[in-house]
Amino acid sequence: MSCIVAKDIMHPRVSLPAKMAGYELVEKLMSPYPALPVVDDDHRVLGVVSEYDVLTALKEGRTIHEFSAESLMTCGHAEHGACDKPITVMPETAIEDIVDLFIHRNLTILPVVENGKLVGIISRKNIINALAEKGFWPEHEFQKRV
């Protein structure tokens, strides 16, 4: 097992305020991230808005002035759009658990929370970039498969 955890690969806190209007939201999603966490005034994660969520709103005929971050956000659970327990990880969450969440939940980013507040985010690209860093993944942690 690897000793790599969320805090080793996360990026600093980047988020969308819940009341952020559609035009501002679209500008913020022009970042390198395909999705961003939605937070309240205390930086507690409420959900996530992805590029897919914006495209879905446009497909539904909503204009950029008819949605906000909170109206588009989802929580990461496939069963529903938003709930009071969005999928997040803690700074000490093992990389294997993070990869499992990305694969089994089909997520684009994972908010990292500590003491209930957003401290960073992890995208699938963060994991791929960590793989490319020489020495980041010690060879003794892998078994050759035949």
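According to the numbering used here, the sequence shown is numbered sequentially starting from 20. Positions of the beta carbon are idealized from the N, C-alpha and C atoms, including for glycine.
Check your understanding: Taking the Cβ atom as the reference point for each residue, do Pro-110 and Leu-65 lie within a distance shorter than 9 angstroms?
Key -> The sequence position of residue 110 within the sequence shown is 91, counting from 1. The sequence position of residue 65 within the sequence shown is 46, counting from 1. Taking 9 angstroms as the Cβ cut-off, Pro-110 and Leu-65 do not qualify as a contacting pair.
Exercise for review: Could you name the residues of the same chain whose beta carbon sits closer than 7 angstroms to that of Gly-4, not counting the 5 residues immediately before and after it, in chain order?
Suggested key: Examination of residue 4 is not possible in this model, given that the chain is present from 20 through 165 alone.
Practice item. Take Ser-50 and list the residues in its own chain whose beta-carbon comes closer than 7 angstroms to its own, dropping the five residues that flank it on each side. Key: As a first step, residue 50 must be located in the sequence shown, where it is residue number 31. Within the same chain, Ser-50 has close Cβ partners Val-33.
Exercise for review: Enumerate, from N- to C-terminal direction, the unbroken alpha helix (DSSP H) stretches of 4 or more residues contained entirely within the segment 91-146.
Suggested key: You should have 114-124.
Practice item. Tell me whether Val-73 sits in a helix, a strand or coil according to DSSP, three-state version. Key: Taking the sequence shown and counting its residues from 1, one reaches residue 73 at position 54. Here Val-73 sits in helix by DSSP.
Check your understanding: For the alpha helix (DSSP H) that Val-45 lies in, which residues bound it at each end?
Key -> Taking the first residue of the sequence shown as 1, we reach residue 45 at position 26. If you look at Val-45, you'll find it in the alpha helix (DSSP H) that goes 41-47.
**Study point:** Best match in Ala-25, Asp-27, Leu-35 and Phe-121 for proximity to Val-68 [C-alpha to C-alpha]
**Key:** As a working note, residue 68 is residue 49 in the sequence shown. Comparing C-alpha distances from Val-68 to each of Ala-25, Asp-27, Leu-35 and Phe-121 shows the shortest one belongs to Leu-35.
**Study point:** Assigned secondary structure, Ala-151 (DSSP; H/G/I helix, E/B strand, else coil)
**Key:** Walking along the sequence shown from the start, residue 151 turns up at place 132. Residue state for Ala-151 is assigned as helix, using DSSP reduced to three classes.
Check your understanding: Nearest CA to the CA of Glu-43: which residue from Asp-119, Ala-54, His-84 and Tyr-71?
Key -> Residue 43 sits at position 24 when you count from the first residue of the sequence shown. Of Asp-119, Ala-54, His-84 and Tyr-71, the residue nearest in Cα terms is His-84.
Practice item. For Ala-76, collect the residues of the same chain with a Cβ closer than 7 angstroms to its Cβ; drop the 5 residues on either side in sequence, then sort them by chain order. Key: Mapped onto the sequence shown, residue 76 falls at position 57. Counting only Cβ-Cβ distances below 7 angstroms, and skipping sequence neighbours, we find Phe-86 and Leu-91.
Review point. Is Ala-25 helix, strand or coil when you go by DSSP?
Key: For this step, residue 25 is matched to residue 6 along the sequence shown. Helix, per DSSP.
Exercise for review: Find out if the Cβ-Cβ distance for the pair Glu-70, Pro-53 is shorter than 9 angstroms.
Suggested key: Along the sequence shown, read from residue 1 onward, the residue named residue 70 stands at position 51. Along the sequence shown, read from residue 1 onward, the residue named residue 53 stands at position 34. With a cutoff of 9 angstroms on beta-carbon distance, Glu-70 and Pro-53 are scored as near each other.
Practice item. For the beta strand (DSSP E) containing Ala-37, list its first residue and its last residue. Key: Indexing the sequence shown from 1 puts residue 37 at position 18. Per DSSP, Ala-37 is not a residue of any beta strand (DSSP E), being assigned neither H nor E.
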